[in-house]
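Reading through the structure tokens given below for one structure.
In our numbering, the protein residues as written are 246 to 510.
Take a look at the structure:
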């Protein structure tokens, strides 16, 4: 049909005004915001129900690219099935077949409190019972004395959803690879010595390693040779040395006034 052949309907002046007003308002109305597609890299960190506990999602601000679980190329000498912990780069690797590994972001012990050497996973627990060691109570009684009797598994338990117990020579080292409900610690140097993962990652690792799994902890020299150097910035995270973030941090540090050291009396 040709448009010129359509019947013409005349509108009253009031109707014309109403029509123009409606068109104007619709043009000025705010458009609905487009729904942001979820980041596939964060899919591992959605909320999940596990054994009656609802594990909350990991905030994207904590699941940084450095901290996220991901498959990476593996060129190390360790055999598939080995766990390799690099506390200096704050990564844990599960070596796999075919020259790959799954890498997890971790939190490590504060200065002087990290695990060193090699071990074997001789025990695994879901939602484990936790009890501070005698040394923890002695050195930080204000933190740990109240928990001397221990704590049942749960979201408030420091060991989180899963724990892998490290043994050496058949004896418990008192160090663990475990989950945490405090996602803000991952990627930082904040633990009492154990190796922490996001709860979602602790569950994933738990399902993939049997008892008897060998655990290797890198030395500072090995980490530097394999991963390169890192710089710890103000928020406690690591950035690669020489990166724009590292250079900006070093510049800020250089601009700070020198600390005043009190003279000896």
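Ideal placement from N, C-alpha and C gives every residue a C-beta, glycine not left out.
One or two residues paired with residue i in a DSSP bridge
i: residue 416; result: 413
i: residue 424; result: 442
i: residue 340; result: 346
i: residue 374; result: Residue 374 is not bridged to any residue.
i: residue 224; result: Lying outside 246 to 510, the shown extent of the chain, residue 224 is not represented and no answer is given.
i: residue 295; result: 298
Close Cβ partners of residue i (< 8 Å) along its chain, the five nearest in sequence each way excluded
i: residue 469; result: 333
i: residue 376; result: 392, 393, 394, 395 and 396
i: residue 363; result: 413, 459, 460, 461 and 462
Helix, strand or coil at residue i according to DSSP, with G and I counted as helix
i: residue 429; result: helix
i: residue 471; result: helix
i: residue 289; result: helix
i: residue 482; result: coil
i: residue 389; result: helix
i: residue 407; result: strand
i: residue 466; result: helix
i: residue 477; result: strand
i: residue 353; result: strand
i: residue 503; result: coil
i: residue 303; result: coil
Bounding residues of the alpha helix (DSSP H) (the contiguous stretch that carries residue i)
i: residue 216; result: Because the chain is modelled from 246 through 510, residue 216 falls outside the range shown and cannot be assessed.
i: residue 358; result: Taken as a continuous stretch (DSSP letters only), residue 358 belongs to no alpha helix (DSSP H), as it is neither H nor E.
i: residue 494; result: 489-499
Same chain, Cβ closer than 7 Å to residue i, five either side skipped, listed in chain order
i: residue 465; result: 333
i: residue 315; result: 348
i: residue 261; result: Annotation note: pLDDT 41 at residue 261 (below 50); position unreliable, no value reported.
i: residue 491; result: 476, 484 and 485
i: residue 326; result: 340 and 458
i: residue 472; result: 331 and 334
Residue i, enclosing beta strand (DSSP E) - first and last residue
i: residue 328; result: 328-331
i: residue 371; result: 363-371
i: residue 318; result: 315-318
i: residue 215; result: With the chain represented from 246 up to 510, any question about residue 215 goes unanswered, as that position is not in the structure.
i: residue 384; result: Unbroken run through residue 384 is the alpha helix (DSSP H), 379-384; no beta strand (DSSP E).
i: residue 435; result: 434-436
Environment of residue i [buried if 16+ CB atoms lie within 10 Å]
i: residue 329; result: buried
i: residue 446; result: buried
i: residue 400; result: exposed
i: residue 337; result: buried
i: residue 406; result: buried
i: residue 284; result: exposed
i: residue 331; result: buried
i: residue 300; result: buried
i: residue 388; result: exposed
i: residue 322; result: exposed
i: residue 238; result: Any property of residue 238 remains undetermined from this structure, which presents the chain solely from 246 to 510.
i: residue 304; result: exposed
i: residue 352; result: buried
i: residue 291; result: exposed
i: residue 346; result: buried
i: residue 497; result: exposed
i: residue 512; result: Outside the displayed span of the chain (246 to 510) sits residue 512, for which this structure offers no information.
Own chain, CB closer than 6 Å to residue i, minus 5 neighbours either side, in chain order
i: residue 429; result: 307
i: residue 403; result: 375
i: residue 482; result: 432
i: residue 273; result: Unreliable positioning characterises residue 273 in this predicted model, as indicated by a pLDDT of 40, which lies under 50. A coordinate reading is not provided.
i: residue 354; result: 436 and 438
i: residue 342; result: 325
Min CB distance residue i to chain B below 8 Å
i: residue 428; result: Included in the structure is just one protein chain, with no chain B present.
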